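Reading through the structure tokens given below for one structure.
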Amino acid sequence: MLYRQMDDSAPADWHEFFVEDPFAVKRRKHCLKRGTHLIKNHTTIREQPTFRPFLVQVRAVNSRGFSAIEPETVLGWSGEDVPLEAPRGLRLVAHRNHSTVELGWEELKSASSVRGHFVGFRLDHWPSVRPFLITSQIVPNISTVATISGLQALTNYEAKVCVLNGQYESEGSNLLKFTTIEGAPSKVHNLRVHSVGSRSLLATWEPPLHPNGNLRGFYLAFENLSSGFTEETFVLRRQLFYLHESLSPETPFRVAVWAETGGGEGPRTWRNTRTWPLRDPDPPLFSVRSLSPTVLRVRWFPSGNASSAAHWRMHTDQWHQTVPIVLPQVVFDLRNLAEGTDYVLIGEAREGPKRRRASEALNIRTESSRGRPPFSKERLRSAAWFLAVLIACALTFALLAVACVVAQRNADGIPLGFMAFRRREKRFGPALRFRTPSSSTGEEELGPADAWIGWRRAAKCTNAFWRRRNGD
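Positions 1 to 472 (UniProt numbering) are the ones given, in order, by the sequence shown.
Have a look at this one:
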């Protein structure tokens, strides 16, 4: 094998390097026998400078000399190493939008500092609050500008870039910190539009799933499909509904809702609906529940009315009126009532300034903290459940105890306990015993508990006997 280092100023001399193959004959016979090709040989030339170009020739040689055909010259390189120079001047070039930024850095001063095949640059970025969530991208070596997309709006990020060759990477550049800008929000979620009267429409929605910034509010547009007239309005971000009460009766409308942030307005979401014919409102339906002796909770069940109000009075006093209850509110509380007093409650549905309809009178009595019975139905029900659980637990434990006693008496195996052992002796006779001297009389006596010790000693003696016999 011949090789020499390429140098434009002064061509270097060729160096010869012989590679012996002691198994060439055996491998040739084996390959010819199996009908396969010879495996190409390879070698390593050490102690060469880092990443230098070389011209290499491989020429066959045998005992008679070199091959007659001139070998092909191939350009090769020595090994790579860690790049010496890191990128400098990493900076934010521009914000494309709320999710895309453009970063740039300076070119390398010397191409030789790469010390390898210049693959390009690797750009890493991650959220500042989650440094473990690193996203990388490879930038070609001819470019010093990269675009990062898929970012979150109004979020702090960090980034750095390094040089790549075929096997190694350089140290990171300066750490860049930047914050993304606001963007236009996505469409509002779950928009619903209902006709709640001959002149009223109720629109409800939820905030966008991707606000892409700080929401300022919502725009609404009511388009009259008959006349083409469009009316727009704006509500703050905390309000997720809007009731329009001055529309034309029995008219088709198209309603749009869209959100706005500091980055602009989002896409519009449309719904089609139609107001009802002009008629009197339906009588309101209410349910009343006592929260305390002085508070009643009234729940209104809408049935085609945009607003309603409640009138109430004591049997001997004048009428009192609540503030109008407007959709989507359906629950309100009557407070500061007298304890243990009878009241008359009447609901009134309203459609515009003139059309009204009242419900039937509802008589209700507030609770009295003094006259409240000590044992109410709820307390009695709770006590009954508690007693039932206690009785069930007691019966369960009693059944378990009886089952244990029956199982102990009818057991056919080893009796459980001292008393069971005595009963077994009375029924089947004395078991195997060992005599032990009595501490009081000095005579030998038998104890019921000695049978257990006797059984264990007998088992040990039997095992020892069989071990000796087998050993002999």
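Note that the Cβ used here is the ideal one computed from N, Cα and C, for glycine as well.
Given the structure is predicted, the values throughout are model-derived calculations rather than measurements.
In the structure shown, the three-state DSSP call for V323 is coil. If you look at E158, you'll find it in the beta strand (DSSP E) that goes 156-164.
According to the DSSP assignment, E260 belongs to the beta strand (DSSP E) that extends over 252-261.
With fewer than 16 neighbouring CB atoms inside 10 Å of its own CB, P252 falls in the exposed class.
Restricting attention to P324, S246, V61, the CA atom closest to the CA of S198 is found in S246.
Just measuring C-alpha positions, the residue of L201, G116, A256 sitting nearest T50 is G116.
Taking all protein chains shown into account, I45 has fewer than 16 neighbouring C-beta atoms within 10 Å of its C-beta and is therefore exposed.
At a cut-off of 3 residues, the continuous stretches assigned as beta strand (DSSP E) that sit fully inside the UniProt domain "Fibronectin type-III" (86-183) are 91-97, 100-104, 120-127, 135-140, 145-148, 156-164, 176-179. Here S368 has P293, E339, G340 as same chain residues with Cβ atoms under 7 Å from its own Cβ, once five neighbours each way along the sequence are excluded. In the three-state scheme derived from DSSP, where H, G and I count as helix and E and B as strand, S382 is classed as helix. The beta carbons of L225 and R268 sit about 16 Å from each other, so the pair does not count as a contact at 8 Å. For P53, the enclosing beta strand (DSSP E) starts and ends at 53-57. According to DSSP, F332 shares a beta bridge with V298.
Burial check for R122: the Cβ neighbour count within 10 Å reaches 16 or more, so the residue is buried. The beta carbons of L202 and R91 sit no closer together than 8 Å.
Contact between the stretch 228-246 and the stretch 156-174 is absent: fewer than 3 CB-CB pairs across the two stretches fall below 8 Å.
Sequence-distant partners of R355 (beyond 5 residues in either direction) whose C-beta falls short of 7 Å from its own C-beta, in its chain, are D280, P281. Counting the other Cβ atoms within 10 Å of the Cβ of S128 gives fewer than 16, which makes it exposed.
Shown here, T341 sits in coil according to DSSP, grouped into three states, outside any helix or strand. L334 counts as buried, since at least 16 other C-beta atoms from the protein chains shown sit within 10 angstroms of its C-beta. By the Cβ test, the stretch 177-194 is in contact with the stretch 255-274, since at least three Cβ pairs between them sit closer than 8 Å. For W276, there is no enclosing beta strand (DSSP E), as DSSP gives it neither H nor E. Apart from the 5 residues on each side of it in sequence, S359 sits with its Cβ closer than 8 Å to the Cβ of P283, P284, L285, F286, I346, G347, E348, A349 in its chain, given in chain order. In the pairwise beta carbon analysis, the stretch 170-187 is classified as not touching the stretch 132-142: fewer than three pairs are separated by under 8 Å. Nearest C-alpha to E351 among G228, L243, S136: L243. Here F397 carries a helix assignment [DSSP, helix/strand/coil].
Residue R88 holds the alpha-carbon nearest to the alpha-carbon of K109 among V101, T135, E102, R88. Annotated as proximal: A256 and L220, with beta-carbon spacing under 8 Å.
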